Amino acid sequence: MRDMKKTQAQLKVLSKRHTWEILNHILKGSKYITQIAEETKIPYTTVQHRVTELRQADLVVIRNEVDLTSGKAIKIVGPTHFRLVLTPEGIIEMMQAERGLTLRVR
């Protein structure tokens, strides 16, 4: 059941605007949120929100660091290794869970 909820969360965030662009951008190397926003021309608040969703879905990692030149706290965003497995049975299970139906126990 936990895996299905995680898969659902991952699919949901992956379906949102700008998600793929952000993921593609950090695959080239970890970046801080302001860098991602500036280099992709995606609004900062959108990048910040999407990165939070990606972290909650275990699709990125965030490291808190301090910028050595400014002394400010920054969040470094990097990719994780993930795999999505979606089967017909998994889709049925997710749909039943959303409708509140009883799931079979394996």
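My numbering puts the first residue of the sequence shown at 30, with every later residue one more than the last. Each residue gets a CB set at the ideal place from its N, CA and C atoms; glycine is no exception. Quick caveat, the model's predicted, so the values are computed rather than measured.
What is the rounded straight-line gap between the Cα of residue i and the Cα of residue j?
| i | j | result |
| --- | --- | --- |
| R135 | D32 | Residue placement at R135 cannot be trusted, given a pLDDT of 48 that sits under 50; the coordinates are not used to answer. |
| T48 | K70 | 13 Å |
| L43 | E82 | 10 Å |
| S59 | L113 | 22 Å |
| L132 | D96 | Here the model assigns L132 a pLDDT of 46, short of 50, so the residue's position is not dependable, and the following value carries that caveat. Rounded to the nearest angstrom, the two C-alpha atoms are 49 Å apart. |
| Q39 | T63 | 23 Å |
Check whether the Cβ atoms of residue i and residue j lie closer than 9 Å to each other.
| i | j | result |
| --- | --- | --- |
| T75 | V89 | no |
Tell me which residues share the same chain as residue i and place their Cβ nearer than 6 Å to its Cβ, disregarding the 5 neighbours each side in the sequence.
| i | result |
| --- | --- |
| E94 | I103, I105 |
| R46 | none |
> Unbroken beta strand (DSSP E) runs of length 3 or more, entirely within the segment 30 to 118: which are they?
Replying inline: 89 to 95, 102 to 108
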